[in-house]
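Q:
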Amino acid sequence: MSPVLAQSDQLIDWSWVERNLGQIIDRTWEHLILTGISVGLGLLISVGLTIIVLRWRWTYPSITGFAGLLYTIPSLALFALLVPFTGLSETTAIIALTSYTLFILIRNIVAGIDGVPEAVKEAADGMGYTARARFWKMEVPLALPVIMAGLRIATVTTVGLVTVTAAIGLGGYGFFILRGINTFFWTQLIVGVVLSVVLATILDLAFIALQRMLSPWARANA
Amino acid sequence: MGIWGQLIEFVTDPATWTGSGSFWIRLFEHVWVSVAATVIAIVVVFPLALYLGHVRKGSQAATAVVNIGRALPSFGILAIAFLILVEMGAGVRTPWSILVALIALAAPPVFTNTIAGIQAVQPSTIEAGRGMGLTGRQVLFGIELPMAMPLVMEGVRIAFVQVIATATLGALVAWGGLGRYIIDGFAVRDNGEILFGAIAVGLLAIVAEVGFSLIQRAVTPKGLTVAR
């Protein structure tokens, strides 16, 4: 904790990176787990809410309205709102991070399903599909690009927000960013920021690859 | 004492409302840095976006800005701004690093929405204007800009709401604003102070969002396509 004195002439002290590789790997896991659980839970809840919306249309404005309200609350404030009840814990982080994904995911899933052309649905009906089969075999696969776009945005956003959980003692790579700020040790700060951007980019690319695998018919146009 | 009792105790403490660390000073810090960042961002990027939209060269630039902006987390932007400003000797307990970070956050929505707004104007409308003998400048300010205005304002709203939210992080670089309550509350484990900060920040964000939407609705002309 020696401000300014800790700095060397270079911005990045590579020996720090070598010495702290174990810690960097631990924080990578933390970052991945917080992101994965939050986006996964968010997806489950969003699918549930979308099923409600598709059956009872009138619930859509209130559900997106509520999700939008949660989305408006600044991340640090949402953590703070939960801390008195769930403490400085993973639970706090996951509840807050999950609630941020809902707005993005619900809107994209509903928009995706709504975007399936009427003619396709009629063709499915004409071929004798039941409503359930039509939904899972026609509407969901055709909605996949829009749903995947939502998942990509939700994941990249969550990777960024995980860094803020450093304020409640977690943070993934955000731990390095915050400690870099507090100790003026720029190596940590830069490592934290760069790795968080790299992780977001890798996950984004992974989703693009997954989408290409899941929707082979779209490959020709991609 | 329960959590809510602690909150009431913090709210009824006169020290919360008076002196150098009073709520009003924190609120003022939070709002001025947000307004300043948004205004500066508009001044910097709006003319450029207008030009790029007008010459129809903006789409790729806009896409690039969106992609970069999404991958770079707000906290990361703030950290980089902090590093640069400390290295430049701007001092630590100053608002400059959060101001710079917020400008960087406010710029992309204004930039992309302005370009999108101008490019959404039908080519036939622009041709009609040209046919009437309007110069390029007259097309821009008489047709494209007024028609793009709703999307531009939407961009400004998104930028401002995001800036108000992110200004909370100013407390993480040892500056003020309403985030101070949250970070200080975490440090001393005072649930009352933590909740007070959370509610103040949350309400401010919602007020900014709703208030701006109302203003936006009020200033958007009813018939944008009507000749002025």
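Just so you know, the sequences run in chain order H and V.
Under the numbering used here, the first residue of the first sequence carries the number 1, and numbering increases by one thereafter.
Under the numbering used here, the first residue of the second sequence carries the number 223, and numbering increases by one thereafter.
Every residue gets a Cβ at the ideal spot worked out from N, C-alpha and C, and that includes glycine.
Since the structure is predicted, the reported quantities are computational estimates derived from the model, not experimental observations.
#1: Tell whether a beta-carbon distance below 8 angstroms holds between L161 of chain H and S75 of chain H.
#2: Determine whether the Cβ of A209 of chain H lies closer than 8 angstroms to any Cβ atom of chain V.
#3: Which residue's Cα is closest to the Cα of E118 of chain H: H:L105, H:F135 and H:L102?
#4: Going by C-alpha distance, which of V:L356, V:T336, V:G351 and V:L294 is nearest L199 of chain H?
#5: Quick one: Cα of I306 of chain V to Cα of V322 of chain V, how far?
#6: Among H:S38, H:H31 and H:L44, which residue has its Cα nearest to the Cα of L170 of chain H?
#7: Starting from the beta carbon of T390 of chain V, find every residue of chain H whose beta carbon is closer than 7 angstroms, and list them in chain order.
#8: Could you check the C-alpha separation between R439 of chain V and I365 of chain V for me, to the nearest Å?
#9: Give the single residue among V:L436, V:G424 and V:T442 whose Cα lies nearest to the Cα of L69 of chain H.
#10: Output, in chain order, the set of chain V residues within a Cβ distance shorter than 9 angstroms of G160 of chain H.
#11: Would you list, in sequence order, the uninterrupted alpha helix (DSSP H) runs of no fewer than 4 residues that lie entirely inside the segment 393-429 of chain V?
#12: L362 of chain V: which of V:A271, V:S281, V:P330 and V:I299 sits nearest, CA to CA?
#13: Who are the neighbours of F184 of chain H on chain V, taking C-beta pairs under 8 angstroms?
#14: Would you kindly report the start and end of the unbroken alpha helix (DSSP H) that includes W254 of chain V?
#15: Please report the distance separating the alpha-carbon of V385 of chain V from that of Q10 of chain H.
#16: Look at the alpha carbon of N335 of chain V and the alpha carbon of E376 of chain V, and state the distance between them as a whole number of angstroms.
#17: Using a Cβ-Cβ distance cut-off of 8 angstroms, determine whether L41 of chain H contacts chain V.
#18: Less than 8 angstroms between the CB atoms is what I'm expecting for I168 of chain H and T92 of chain H, so what's the real figure, rounded?
#19: Straight-line CA distance for L54 of chain H to L151 of chain H?
#20: Under the assumption that T101 of chain H contacts T158 of chain H (Cβ atoms under 8 angstroms), give the Cβ distance between them as a whole number of angstroms.
#21: Does the Cβ of V432 of chain V have 16 or more other Cβ atoms within 10 Å, making it buried, or fewer, making it exposed?
#22: Along chain V, in chain order, which residues have C-beta atoms closer than 9 angstroms to that of L21 of chain H?
#23: For I24 of chain H, which option in H:T187, H:P84, H:I104 and H:V146 has the closest C-alpha, if you only look at C-alpha atoms?
#24: Spatial neighbours of I94 of chain H within its chain, please: C-beta separation below 8 angstroms, excluding the five flanking residues on both sides.
#25: Step through the CB atoms of chain V and report whether any lies within less than 8 angstroms of the CB of A167 of chain H.
#26: Can you tell me whether F85 of chain H is buried or exposed? The criterion is at least 16 other CB atoms within 10 Å of its CB, across all chains shown.
#27: In chain H, what lies closer than 9 angstroms to G419 of chain V by C-beta?
#28: Leaving out five residues on either side along the sequence, give the residues of the same chain with a beta carbon under 6 angstroms from the beta carbon of P60 of chain H.
#29: Going along chain V in order, which residues have a C-beta closer than 7 angstroms to the C-beta of P84 of chain H?
#30: So is A259 of chain V in contact with chain H if we call contact Cβ pairs under 8 angstroms?
#31: Just how far apart, CA to CA, sit G298 of chain V and E122 of chain H?
#32: Step through the CB atoms of chain V and report whether any lies within less than 8 angstroms of the CB of A200 of chain H.
#33: For a quick check, are the C-beta atoms of G407 of chain V and G392 of chain V less than 8 angstroms apart?
#34: How big is the Cα-Cα spacing for G180 of chain H and G65 of chain H?
#35: Going by Cα to Cα distance, which pick from V:F382, V:R411 and V:W397 is closest to I428 of chain V?
#36: For the alpha helix (DSSP H) holding E376 of chain V, just list the boundary residues, first then last.
A: So, to answer that:
#1: yes
#2: no
#3: The shortest Cα separation from E118 of chain H among H:L105, H:F135 and H:L102 belongs to H:F135.
#4: V:L294
#5: Within the model, the alpha-carbon separation for I306 of chain V versus V322 of chain V is close to 10 angstroms.
#6: H:H31
#7: P74, L76 and A77
#8: Distance between the alpha carbons of R439 of chain V and I365 of chain V: 20 angstroms.
#9: V:G424
#10: R292, A293, L294, P295, S296, F297 and G298
#11: 401-410
#12: Check the Cα spacing between L362 of chain V and each of V:A271, V:S281, V:P330 and V:I299: the tightest is with V:A271.
#13: V308
#14: F245 to H276
#15: 32 angstroms
#16: Separation of N335 of chain V and E376 of chain V (C-alpha to C-alpha, rounded to the nearest whole angstrom) is 7 angstroms.
#17: Residue-level contact by beta carbon fails for L41 of chain H and chain V, as no gap is shorter than 8 angstroms.
#18: With 8 angstroms as the limit, I168 of chain H and T92 of chain H qualify as a contact, their Cβ atoms being about 6 angstroms apart.
#19: Straight-line Cα distance between these residues: approximately 19 angstroms.
#20: Sure, about 6 angstroms apart at Cβ, within 8 angstroms.
#21: exposed
#22: In chain order: nothing, as chain V lies at least about 21 angstroms away.
#23: H:T187
#24: L34, I37, S38 and L41
#25: yes
#26: exposed
#27: L76, A77 and A80
#28: It is Tyr, not Pro, that sits at residue 60 of chain H in the sequence shown. Only V53 meet the Cβ criterion.
#29: Within 7 angstroms Cβ-Cβ: I225, N413, I416 and L417.
#30: no
#31: 49 angstroms
#32: Under the 8 angstroms criterion on CB atoms, A200 of chain H is classed as interfacial with respect to chain V.
#33: no
#34: 38 angstroms
#35: V:F382
#36: L367 to T388
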